[in-house]
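What follows is a set of notes on a single structure, which appears directly below.
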């Protein structure tokens, strides 16, 4: 008999994260558990209460990925409770609008999107069971083609997650003090941030690849594509874009289909690998 499965989604009180929780719960069995997490306890409780009946049990946990010790604490709690984890979907994100001053928001932005990602990877990747999935939600901006060639070495073939954090911190500080404007960094902070997320996945995957593939584990970044959300509408015309629920299906396909070794450690969109270089 298969052991009950355990899944966790971060940034799950609205939008894509909420759709991912619902999709997982519908596809898993009543013996399984999906953890819906977010930084606000009230919103977590509301989201859990609103989940449709049937499928896996949905449980709420408070997780603020910007808090340095939070991912480790929750990982230890779930390890004690379940012994391991089968699915982790890293979706927590701080959104930025066209009117936001990058210098004013970049510290909080990197704390959530980038350091939050590396903390989640450190805390939960060691808990993955055989056949597990760890997917970090990124975007098609997360490839080196969107970065000036002079900056490619900053994120390519890094040796550790600590080195990824170091490079992200250097970019963050350059934005904050204004020196990024005089250099080769793009003005849209989402681009270096997403590249940093994908670099984190690639860096950890390089160390785990052989063992993970032997155990049927997939570690990858995933681009769900443009979605019709209020935040996206601030930047683009998304009137014909898929809803979060529709976009969630492309992510969930990677959870439930057999592992394709070509996707391991890569950025995947609609089942295809987006070239890193």
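Numbering (the working numbering), first residue to last: -4 to 272. Each residue gets a CB set at the ideal place from its N, CA and C atoms; glycine is no exception. These numbers come from a predicted model, not from an experiment.
Note to self: In this structure, how does DSSP classify residue -4 when only helix, strand and coil are distinguished?
What the structure shows: The sequence position of residue -4 within the chain shown is 1, counting from 1. At residue -4, the pLDDT of 47 sits below 50, so the modelled position is not reliable and the matter cannot be decided from this model.
Margin query: According to DSSP, is residue 160 part of a helix, a strand, or is it coil?
Written below: For the purposes of this step, residue 160 is taken as residue 165 along the chain shown, with counting starting at 1. If DSSP states are grouped into helix, strand and coil, residue 160 belongs with the helices.
Checklist line | Host alpha helix (DSSP H) of residue 259 (start-end) | finding: Here residue 259 is taken as the residue at index 264 of the chain shown, counted from 1. Careful: residue 259 lies outside any alpha helix (DSSP H) and carries neither H nor E.
Margin query: Rounded to the nearest angstrom, what separates residue 206 and residue 98 at their Cα positions?
Written below: Here the question's residue 206 lines up with position 211 in the chain shown. Here the question's residue 98 lines up with position 103 in the chain shown. Straight across, the Cα-Cα distance linking residue 206 with residue 98 is about 41 Å.
Check: The alpha helix (DSSP H) with residue 113 in it runs from where to where?
Finding: In the chain shown, counting from the first residue as 1, residue 113 sits at position 118. Boundaries of the alpha helix (DSSP H) around residue 113: 111 to 119.
Next item on the list: Pull up the DSSP beta-bridge partners for residue 131, would you.
Entry: Along the chain shown, read from residue 1 onward, the residue named residue 131 stands at position 136. Its beta-bridge partners are 85 and 216.
Next item on the list: Using beta-carbon positions only, say whether residue 119 and residue 83 come within less than 7 Å of one another.
Entry: One-based indexing of the chain shown puts residue 119 at position 124. One-based indexing of the chain shown puts residue 83 at position 88. In contact: residue 119 and residue 83 (Cβ atoms closer than 7 Å).
Item checked: Among 268, 81 and 45, the one whose alpha carbon lies nearest that of residue 210 -> Taking the chain shown and counting its residues from 1, the one referred to as residue 210 is at position 215. Residue 81 is the option with its Cα nearest to residue 210.
Next item on the list: Give me the Cα-Cα distance between residue 54 and residue 29, rounded to the nearest whole angstrom.
Entry: Working through the chain shown from its first residue, we reach residue 54 at position 59. Working through the chain shown from its first residue, we reach residue 29 at position 34. In this model, residue 54 and residue 29 are separated by some 6 Å (Cα to Cα).
Check: Can you list, in chain order, the stretches of the beta strand (DSSP E) that have 3 or more residues and sit fully within the segment 6 to 49?
Finding: For the segment 6 to 49, whole beta strand (DSSP E) runs of length 3 or above, ordered along the chain, are 28 to 33.
Next item on the list: Pull up the DSSP beta-bridge partners for residue 269, would you.
Entry: Here residue 269 refers to the residue found at position 274 when the chain shown is read from its first residue. DSSP output for residue 269 lists 262 as bridge partner(s).
Notebook entry, point to check: In terms of alpha-carbon separation, which member of 21, 263, 1 and 117 lies closest to residue 64?
Noted result: For this step, residue 64 is matched to residue 69 along the chain shown. Among 21, 263, 1 and 117, the Cα nearest to that of residue 64 is on 117.
Next item on the list: Could you tell me whether the Cβ atoms of residue 154 and residue 218 are closer together than 7 Å?
Entry: Taking the chain shown and counting its residues from 1, one reaches residue 154 at position 159. Taking the chain shown and counting its residues from 1, one reaches residue 218 at position 223. No.
Next item on the list: Could you tell me the distance, in whole angstroms, from the CA atom of residue 245 to the CA atom of residue 237?
Entry: Here residue 245 is taken as the residue at index 250 of the chain shown, counted from 1. Here residue 237 is taken as the residue at index 242 of the chain shown, counted from 1. Going from the Cα of residue 245 to the Cα of residue 237 covers about 11 Å.
Check: With which residues is residue 80 paired in a DSSP beta bridge?
Finding: Taking the first residue of the chain shown as 1, we reach residue 80 at position 85. As computed with DSSP, residue 80 is found in a beta bridge with 123.
Check: For residue 67, is the beta carbon positioned less than 6 Å from some heavy atom of the ligand ADP?
Finding: With respect to the ligand ADP, the structure offers nothing, as it holds no ligand at all.
Check: With residue 86 and residue 12 assumed to form a contact (beta carbons below 8 Å), what rounded beta-carbon distance in angstroms separates them?
Finding: Working through the chain shown from its first residue, we reach residue 86 at position 91. Working through the chain shown from its first residue, we reach residue 12 at position 17. In this structure residue 86 is in contact with residue 12, their Cβ atoms being roughly 4 Å apart against a cut-off of 8 Å.
Next item on the list: Compare the C-alpha of residue 88 against each of 49, 184, 212 and 26 and name the closest.
Entry: To locate residue 88, count along the chain shown from 1; it is residue 93. Closest by alpha carbon: 184.
Next item on the list: Please state if the CB of residue 142 and the CB of residue 272 are separated by a distance shorter than 7 Å.
Entry: For the purposes of this step, residue 272 is taken as the residue at position 277 of the chain shown. For the purposes of this step, residue 142 is taken as the residue at position 147 of the chain shown. No. Outside cutoff.
Note to self: I'd like to know if the segment 188 to 203 and the segment 144 to 153 are in contact, where contact means that at least 3 CB-CB pairs between them fall below 8 Å.
What the structure shows: Contact annotation: the segment 188 to 203 touches the segment 144 to 153, with at least three C-beta pairs closer than 8 Å.
Notebook entry, point to check: Hey, quick one: how far does the alpha helix (DSSP H) through residue 247 stretch, first residue to last?
Noted result: Against the chain shown, residue 247 aligns to sequence position 252. Per DSSP, the continuous alpha helix (DSSP H) segment holding residue 247 begins and ends at 239 to 251.
Next item on the list: Could you round the C-beta distance between residue 6 and residue 33 to whole angstroms and report it? I think they count as a contact, below 8 Å.
Entry: In the chain shown, the residue the question calls residue 6 occupies position 11. In the chain shown, the residue the question calls residue 33 occupies position 38. Yes, residue 6 and residue 33 are in contact; Cβ-Cβ is about 7 Å, under 8 Å.
Next item on the list: Indicate the three-state DSSP secondary structure (helix, strand or coil) for residue 143 in the structure shown.
Entry: Within the chain shown, residue 143 is the residue found at index 148, counting from 1. Note: residue 143 maps to coil in three-state DSSP.
Checklist line | C-alpha gap between residue 163 and residue 268, whole angstroms | finding: Here residue 163 refers to the residue found at position 168 of the chain shown. Here residue 268 refers to the residue found at position 273 of the chain shown. Cα-Cα distance, rounded: 24 Å.
Margin query: If you measure between the beta carbons of residue 196 and residue 132, is that distance less than 7 Å?
Written below: Residue mapping note: residue 196 aligns to position 201 of the chain shown, counting from 1. Residue mapping note: residue 132 aligns to position 137 of the chain shown, counting from 1. Contact flag unset, no.
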